[in-house]
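Residue numbers are given in our numbering: position 295 of the sequence shown equals residue 300, and the series is strictly consecutive.
In what follows, a structure is listed as structure tokens, so that the remarks can point back to it.
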Amino acid sequence: MAAAARCSSMGRAGATGHAQQLGSGLRVLWRRVAGHQSSAGCMGSSNRGGAGGTPGRRALLATCAASPGYTAGVGAVEGSGPRVCILGGGFGGLYTAVKLESLMWPRGTKPQVTLIDQSERFVFKPLLYELVSGAASEEEVAPHFAQLLGPYPVFFVQGRVHSVQPEHATQDGGSTGGGVVTLADGASVPYDWLVVSLGAETSTFGLPGVKECALPFSTYEDAQRVAARLQLLEELVGYPEVVVVGGGYAGVELAAVVAERLRGRARIKLVTSTPDILPGSPQGNREAAHRVLADQGVSILTGAQVTEMRKARAGSSGGLSSGGSNGASSSSGVGIGGAGTAAGPDLAKRLVYVKDRAGQQEVLEADMVLWSAGQAPATKAAAQPPPGALRLPFSTNSRGAMQTDATLRVLHHSRVFALGDVAVSSGGQEQPPLPATAQVAFQQADYVAWNLWASINNKPLLGFSYQHLGDMMSLGTTGGAVTLPISVPPQLSAAVAAAGPLAGLLKAAGVKLSGSYGGGSDGVTLEGPLGAAVRRAAYLYRQPTLEQQLRVAGDWAQSASKQLRQVLADAARK
Ligand SMILES: Cc1cc2nc3c(=O)[nH]c(=O)nc-3n(C[C@H](O)[C@H](O)[C@H](O)COP(=O)(O)OP(=O)(O)OC[C@H]3O[C@@H](n4cnc5c(N)ncnc54)[C@H](O)[C@@H]3O)c2cc1C
Numbered sequence: 006m007a008a009a010a011r012c013s014s015m016g017r018a019g020a021t022g023h024a025q026q027l028g029s030g031l032r033v034l035w036r037r038v039a040g041h042q043s044s045a046g047c048m049g050s051s052n053r054g055g056a057g058g059t060p061g062r063r064a065l066l067a068t069c070a071a072s073p074g075y076t077a078g079v080g081a082v083e084g085s086g087p088r089v090c091i092l093g094g095g096f097g098g099l100y101t102a103v104k105l106e107s108l109m110w111p112r113g114t115k116p117q118v119t120l121i122d123q124s125e126r127f128v129f130k131p132l133l134y135e136l137v138s139g140a141a142s143e144e145e146v147a148p149h150f151a152q153l154l155g156p157y158p159v160f161f162v163q164g165r166v167h168s169v170q171p172e173h174a175t176q177d178g179g180s181t182g183g184g185v186v187t188l189a190d191g192a193s194v195p196y197d198w199l200v201v202s203l204g205a206e207t208s209t210f211g212l213p214g215v216k217e218c219a220l221p222f223s224t225y226e227d228a229q230r231v232a233a234r235l236q237l238l239e240e241l242v243g244y245p246e247v248v249v250v251g252g253g254y255a256g257v258e259l260a261a262v263v264a265e266r267l268r269g270r271a272r273i274k275l276v277t278s279t280p281d282i283l284p285g286s287p288q289g290n291r292e293a294a295h296r297v298l299a300d301q302g303v304s305i306l307t308g309a310q311v312t313e314m315r316k317a318r319a320g321s322s323g324g325l326s327s328g329g330s331n332g333a334s335s336s337s338g339v340g341i342g343g344a345g346t347a348a349g350p351d352l353a354k355r356l357v358y359v360k361d362r363a364g365q366q367e368v369l370e371a372d373m374v375l376w377s378a379g380q381a382p383a384t385k386a387a388a389q390p391p392p393g394a395l396r397l398p399f400s401t402n403s404r405g406a407m408q409t410d411a412t413l414r415v416l417h418h419s420r421v422f423a424l425g426d427v428a429v430s431s432g433g434q435e436q437p438p439l440p441a442t443a444q445v446a447f448q449q450a451d452y453v454a455w456n457l458w459a460s461i462n463n464k465p466l467l468g469f470s471y472q473h474l475g476d477m478m479s480l481g482t483t484g485g486a487v488t489l490p491i492s493v494p495p496q497l498s499a500a501v502a503a504a505g506p507l508a509g510l511l512k513a514a515g516v517k518l519s520g521s522y523g524g525g526s527d528g529v530t531l532e533g534p535l536g537a538a539v540r541r542a543a544y545l546y547r548q549p550t551l552e553q554q555l556r557v558a559g560d561w562a563q564s565a566s567k568q569l570r571q572v573l574a575d576a577a578r579k
């Protein structure tokens with residue numbers, strides 16, 4: 006990948022005319038990825054013609070267009086609409102940006118949208134496992150913003166958000182006006198309306214040793230690190246031990262994919278503090294997960310609380326060898342866990358201290374520990390914030406989540422919205438908080454986009470209403486489980502179960518009618534290859550843009566035809 010162009014200054018075409026230049030430190034990075042043609046043009050440029058744009062913005066466009074390796078397609082910038090700045094380009098932020106572009110705006114009100122993310126890639130997190138298994142391409146799981154936003158007039162700024170200073174402060178500590186976002190490199194981005202969707206980060210709950218010993222699994226980089234460690238484990242001689250901490254969806258899905266890759270060549274333990282895996286999820290999914298994990302030889306330790314992790318001292322414990330022996334009696338204590346050094350990977354064994362329900366302590370040895378036991382909103386204040394840590398002036402709840410009203414507007418800040426994992430809606434209703442899922446975030450994105458439209462056009466705002474569409478999980482490359490919240494009358498499921506051939510047919514297809522659904526109503530569970538296919542199809546439908554859907558569908562068609570050719574060639578050889 007080559008950095009092809011770097012646009013270093015940017016202004017705004019604002020109605021107020023006090024266009025504030027982004028500092029020279031602000032990086033709008035344009036990277037051209039090998040094999041991905043940046044015909045999109047300068048992201049943030051509009052192809053819709055017109056002759057607007059302040060000198061600052063024109064300078065940006067000119068810089069981009071003049072940069073080597075950059076195919077400009079640059080039209081002029083439309084407009085003088087309000088500036089909407091979106092912090093975080095995940096399921097909340099990116100989908101809001103795309104949705105804003107699809108709305109019909111009365112003349113002169115169409116906002117100029119700036120999307121800021123620390124990463125150059127959008128990450129479709131539910132498909133991160135496929136990066137580890139190799140079942141999906143990087144471009145499907147983590148496409149570049151440059152590619153995704155190419156056809157849209159959205160400015161993308163790659164930078165780490167450091168703080169926000171709202172203007173027009175109110176007595177209750179809120180604000181009624183726009184403000185300025187400051188990035189970690191000191192650059193500033195002014196806004197009239199702000200959307201905060203910075204997501205969640207891995208939390209280790211301050212447990213000693215977890216950061217040093219375990220690999221998290223939440224970002225594109227995490228997935229790459231896990232894949233690299235697995236490759237190392239595959240190459241080493243011996244019988245590696247892997248501990249996955251966390252019995253929620255992420256832990257179960259991760260254990261399944263790791264077990265598939267190391268099939269029959271590793272001992273894998275899934276540790277959860279709860280009485281069973283997948284608490285609160287549909288019974289059908291839980292049963293499917295138990296079946297697959299048992300089949301793959303994953304042992305499940307329930308009611309086990311991790312209290313600490315340590316690295317074993319060299320020579321204190323057996324481990325794997327990099328070749329030449331079975332490694333069982335090696336005194337070098339090799340194993341695999343956290344990050345390596347320039348001298349090579351860190352091969353020390355990890356010791357995972359767990360306490361069972363009776364308070365008995367057990368120490369699990371592992372060559373790799375995966376941590377998927379906790380996430381906290383990105384706005385959660387750290388006890389000792391590192392320099393440059395995020396500082397936002399918005400009120401948060403005890404978990405550190407930004408509080409919004411039912412319309413997803415941040416409490417006391419009439420021009421700020423928040424959504425996704427970073428936010429919690431008080432809504433004025435006695436409802437439990439919504440789960441931190443992509444499903445919630447992208448549904449909220451529609452409402453935030455609509456409510457921005459309504460706010461800018463002085464129309465009433467809509468209260469967010471969540472519709473649960475089902476629970477999906479991957480269970481290895483060709484396995485999965487999907488429970489759809491469809492009520493099945495008990496008489497019907499009993500009748501189907503009694504009708505022998507039909508029940509057999511449905512079972513063979515991976516369809517289960519009974520699973521009791523979370524709070525009690527029934528659902529329909531699709532499992533095995535059928536569940537996996539439905540899940541992938543649903544994620545194809547949920548890709549952030551139509552262009553990305555078509556790209557992913559094209560990739561699928563290509564790989565399916567390759568597989569078909571292979572099957573035919575094999576058959577011909579036989
Ligand atoms: C492994 C895994 C599997 C999952 N599987 C599912 C699933 O199957 N179904 C489901 O519904 N949900 C799933 N989720 C949860 C889902 O991914 C999240 O709920 C969803 O991504 C939340 O969207 P968001 O926009 O709030 O945050 P994100 O999608 O995480 O986006 C936040 C963005 O903010 C950026 N950012 C953060 N801090 C800064 C900063 N200071 N400056 C600049 N940028 C910043 C990040 O780079 C990121 O792009 C999964 C999560 C994980 C980790």
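Backbone N, C-alpha and C fix where the C-beta goes; we use that ideal spot for every residue, glycine too.
All values reported here derive from a predicted model rather than from experimental measurement.
Excluding sequence positions up to five away, which residues of its chain have a Cβ less than 6 Å from the Cβ of residue i?
i: residue 301; result: 264
i: residue 118; result: 89, 102, 105 and 159
i: residue 229; result: none
i: residue 385; result: 405
i: residue 582; result: One cannot answer for residue 582 here, as it falls past the ends of the chain, which runs 6 to 579.
i: residue 251; result: 377 and 378
i: residue 534; result: 483
i: residue 161; result: 48, 120, 150 and 154
For the beta strand (DSSP E) holding residue i, just list the boundary residues, first then last.
i: residue 171; result: 166-171
i: residue 408; result: 407-409
i: residue 380; result: 380-382
i: residue 360; result: 355-360
i: residue 242; result: Looking at the DSSP string, residue 242 is not in any beta strand (DSSP E), and its letter there is neither H nor E.
Between residue i and residue j, is the Cβ-Cβ spacing less than 9 Å?
i: residue 194; j: residue 188; result: yes
i: residue 199; j: residue 99; result: no
i: residue 267; j: residue 235; result: yes
i: residue 529; j: residue 483; result: no
i: residue 426; j: residue 182; result: no
i: residue 262; j: residue 137; result: yes
i: residue 557; j: residue 180; result: no
i: residue 169; j: residue 397; result: yes
i: residue 245; j: residue 109; result: no
i: residue 354; j: residue 367; result: no
i: residue 304; j: residue 259; result: no
i: residue 456; j: residue 413; result: yes
Can you name, in chain order, every residue of its own chain whose Cβ lies under 7 Å from the Cβ of residue i, other than the five neighbours on each side?
i: residue 402; result: 408 and 429
i: residue 178; result: 417
i: residue 280; result: 307 and 308
i: residue 441; result: 205, 380 and 426
i: residue 67; result: Because the pLDDT at residue 67 is just 30, under 50, the model does not fix this residue reliably, and the value given afterwards should be weighed accordingly. Cβ within range, chain order: n/a, list empty.
i: residue 131; result: 443 and 544
i: residue 310; result: 278, 359 and 360
i: residue 552; result: 156
i: residue 490; result: 473, 475, 522 and 528
In the DSSP assignment, the alpha helix (DSSP H) including residue i goes from what residue to what residue?
i: residue 101; result: 98-107
i: residue 533; result: 533-546
i: residue 447; result: 443-461
i: residue 363; result: Unbroken run through residue 363: none, as it is neither H nor E.
i: residue 565; result: 551-578
Let me check you understand the geometry: is the CB of residue i closer than 8 Å to at least one non-hydrogen atom of ligand 2?
i: residue 196; result: As far as ligands go, the structure on display features ligand 1 and does not contain ligand 2.
Which residues in the same chain have their Cβ closer than 8 Å to the Cβ of residue i, if we skip the five residues on either side of it in sequence?
i: residue 554; result: 545, 546 and 548
i: residue 294; result: 257, 261, 282, 283, 478, 480 and 486
i: residue 314; result: 212, 213, 214, 215, 217, 218, 219, 355, 356, 357, 358 and 374
i: residue 542; result: none
Exercise. Report the residue ranges of all alpha helix (DSSP H) runs contained in full by the stretch 186-222; include only those spanning at least 4 residues, in chain order.
Key: Listed in chain order, the alpha helix (DSSP H) runs fully inside the stretch 186-222 are 215-218, counting runs of at least 4 residues.
Quiz item: Quick one: complete alpha helix (DSSP H) runs, 4+ long, within the stretch 262-328?
Solution: 288-300
Quiz item: At which residue ranges does the stretch 105-183 contain complete alpha helix (DSSP H) runs of 4 or more residues, listed in the order of the chain?
Solution: Fully contained in the stretch 105-183 are the following alpha helix (DSSP H) runs of length 4 or more, in chain order: 133-138, 143-146 and 150-154.
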